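Mapping of the sequence shown onto the numbering used here: position 162 corresponds to residue 162, and the numbering continues sequentially without gaps.
See structure below.
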Amino acid sequence: MRSLQPLLLWFHACIFVWHVALGVTDESALESTTITNTCSSSERSSVCEDVDDSRIGIMDNHDSKENLSSWEFMNAFKKLGSSWSHVVGEYISVVNNADGKELRGDIYAESGLEEGLELIKHLVTEAAAKSFENELIWSFRTSPLSDLGKTVDDLLLAFLRWSIVDNQLTNGHSRDDNGCSLIGGINHFPPEPHRINVSKAFRRLTSYTQWMESVSQDLSGAALTYKSISPSLSTFSIHVTHDGCGRLVWWLNLGKTQKFQSSSETTKMFVWVAHLLFLDDAAQTKGLVVIDDMSEIGFWDYMTLLPLNVGISIDRFLISVTPLKAKNVALMHRPKWADVAYGLLSWFLTERMKSRVTMVEKGKEEAVLNDIVGGSAFIPVGFGTEKGEIVKDVISQYS
Numbered sequence: 001m002r003s004l005q006p007l008l009l010w011f012h013a014c015i016f017v018w019h020v021a022l023g024v025t026d027e028s029a030l031e032s033t034t035i036t037n038t039c040s041s042s043e044r045s046s047v048c049e050d051v052d053d054s055r056i057g058i059m060d061n062h063d064s065k066e067n068l069s070s071w072e073f074m075n076a077f078k079k080l081g082s083s084w085s086h087v088v089g090e091y092i093s094v095v096n097n098a099d100g101k102e103l104r105g106d107i108y109a110e111s112g113l114e115e116g117l118e119l120i121k122h123l124v125t126e127a128a129a130k131s132f133e134n135e136l137i138w139s140f141r142t143s144p145l146s147d148l149g150k151t152v153d154d155l156l157l158a159f160l161r162w163s164i165v166d167n168q169l170t171n172g173h174s175r176d177d178n179g180c181s182l183i184g185g186i187n188h189f190p191p192e193p194h195r196i197n198v199s200k201a202f203r204r205l206t207s208y209t210q211w212m213e214s215v216s217q218d219l220s221g222a223a224l225t226y227k228s229i230s231p232s233l234s235t236f237s238i239h240v241t242h243d244g245c246g247r248l249v250w251w252l253n254l255g256k257t258q259k260f261q262s263s264s265e266t267t268k269m270f271v272w273v274a275h276l277l278f279l280d281d282a283a284q285t286k287g288l289v290v291i292d293d294m295s296e297i298g299f300w301d302y303m304t305l306l307p308l309n310v311g312i313s314i315d316r317f318l319i320s321v322t323p324l325k326a327k328n329v330a331l332m333h334r335p336k337w338a339d340v341a342y343g344l345l346s347w348f349l350t351e352r353m354k355s356r357v358t359m360v361e362k363g364k365e366e367a368v369l370n371d372i373v374g375g376s377a378f379i380p381v382g383f384g385t386e387k388g389e390i391v392k393d394v395i396s397q398y399s
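If you want it as structure tokens, here you go:
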């Protein structure tokens, strides 16, 4: 586990924010991509293996004007106790499960969500009946449903809707998407009655219950509520709103982020926030947008925002466990190293994936945010340097 720890820091920032939150995966493209692409040239191979510590030290420099090469960036992971090839390998492993798979013999609901809910509840009952341990696992005892005003049926419906959305899309997206002119558009559902792959939804749900059980010790004790996670939440500048098309928007402002306290408290916070996101009706029906103001943050500060022993677990939860599918991810005020990082990761992204990422250029923040969320009326007050008007967001209703 220790060898994977530095990796999480990278995953949470780069994989979730840049790719997997999109919930869009071209598995054939990923599976045909080899890790050696990062060091394919014999001329470059020595650079990928040998580390120049004097140049890696640049990564600790907070001067964002430093011009780093891709090779120096990849080498920096050795200083973190990992390697770029290892990062890419884990990246592909996690991403391959981001969108689920259709398998022969899967059970389908032919008449829509009502039938789908009955079928998946039957599968849950069967799984819970196998043993006392399974009964405990499938009781959803650690899920913060009551605090969010939700039921087990609401949770099951979220996984069923996830299995329907955007299954028939082709590459690219339209700015005039299902009546939404904002960048990314809204979710595509097939014509009613929806034909739902219940087995696919249940496989995702099974991954969810297994992950929740794996962190059950962290979630034990007092019920998981807004009150219990608010101290940790206050260290990370997070807002959740709805935009001009009714989509859910997750705002992250690294310039106002402090370092977390304990691993357990960090896990609790992310679990609560993730449930808030994927149980939101708008996120399920319209889609999710992620906007990250990186605030020119230094490489080392960014890589140590999360406790080292939490990262990979949270990434897998957000990426390949929760029923989240987003329409667009926007990155603002990026430091030089972040552009280098995205350039490297883009080798593994299809055009469809890239179309869901908006790299906001300096000086164009206001105009681009207007195109993404619909104007200042949909931006939180105090987010970055933008003029927002939202005083109370979705999270504040629980305070």
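The beta-carbon is built from N, C-alpha and C at its ideal position, and this holds for glycine as well.
Predicted, not measured: the structure shown is a model, and the values here were computed from it.
Start and end residues, alpha helix (DSSP H) containing residue i
| i | result |
| --- | --- |
| Ile229 | Tyr226 to Leu233 |
| His275 | Ser263 to Phe278 |
| Val329 | No alpha helix (DSSP H) contains Val329, which is instead part of the beta strand (DSSP E) from Ala326 to Met332. |
| Gln284 | Asp281 to Thr285 |
| Lys336 | Lys336 to Leu345 |
| Ile372 | Glu365 to Val373 |
| Gln217 | Ser216 to Leu219 |
Integer-rounded CB distance, given that residue j should sit under 8 Å from residue i
| i | j | result |
| --- | --- | --- |
| Glu110 | Arg247 | At roughly 29 Å, the Cβ-Cβ gap does not stay under 8 Å, so Glu110 and Arg247 are not in contact. |
| Val289 | Val340 | Not really, about 25 Å apart at Cβ, beyond 8 Å. |
| Pro380 | Asp393 | 6 Å |
| Thr209 | Ile137 | 5 Å |
| Ser220 | Val321 | The pair is not a contact, with the Cβ atoms about 19 Å apart (cut-off 8 Å). |
| Val360 | Leu324 | With a Cβ gap of about 22 Å, Val360 and Leu324 do not count as contacting. |
| Met269 | Ala338 | Incorrect: roughly 24 Å between the Cβ atoms, too far for contact. |
| Ile395 | Leu305 | With 8 Å as the limit, Ile395 and Leu305 do not qualify as a contact, their Cβ atoms being about 19 Å apart. |
| Ile229 | Trp272 | 5 Å |
| Ser376 | Lys364 | That pair is no contact at about 15 Å. |
| Trp162 | Phe317 | That pair is no contact at about 14 Å. |
| Leu117 | Leu160 | 7 Å |
| Asn253 | Gly374 | Not confirmed; about 19 Å, so no contact. |
| Leu113 | Leu279 | That belief does not hold up - the Cβ atoms of Leu113 and Leu279 are roughly 15 Å apart, past 8 Å. |
DSSP state of residue i mapped onto helix, strand, coil
| i | result |
| --- | --- |
| Met294 | coil |
| Thr358 | strand |
| Thr206 | helix |
| Cys48 | Per-residue confidence for Cys48 stands at a pLDDT of 36, beneath the threshold of 50, marking its modelled position as unreliable; the derived number appears in the next sentence. DSSP places Cys48 in helix when its eight states are reduced to three. |
| Val321 | coil |
| Ile405 | Given that the chain is displayed from residue 1 to residue 399, the structure contains no residue 405 and the question cannot be resolved. |
| Ile107 | coil |
| Ile186 | coil |
| Glu102 | coil |
| Ser396 | helix |
| Ala201 | helix |
| Thr385 | coil |
| Ser40 | Because Ser40 sits at a pLDDT of 36, beneath the cut-off of 50, its placement in the model cannot be relied upon, and the following sentence gives the value as read from the coordinates. Coil at Ser40, not helix or strand. |
| Asp26 | Model confidence at Asp26 stands at a pLDDT of 35, short of 50, so the residue's coordinates are unreliable; what they give is reported in the following sentence. Asp26: coil per DSSP, three-state reduction. |
| Ser32 | With a pLDDT of 36 at Ser32, under the threshold of 50, the predicted position of this residue should be treated as unreliable, though the coordinate-derived value follows. Correct three-state label for Ser32: coil. |
Residue range of the unbroken beta strand (DSSP E) whose run includes residue i
| i | result |
| --- | --- |
| Thr257 | From DSSP, Thr257 is part of no beta strand (DSSP E); its letter is neither H nor E. |
| Thr241 | Ile238 to His242 |
Per DSSP, cross-strand counterpart(s) of residue i
| i | result |
| --- | --- |
| Pro380 | Ile390 |
| Val249 | Thr241 and Val289 |
| Ile196 | Ala109 |
Where are the alpha helix (DSSP H) runs, 4 residues long or more, that stay fully inside the stretch 110-179, in chain order?
Complete alpha helix (DSSP H) runs here, min 4: 113-128, 132-137 and 152-164.
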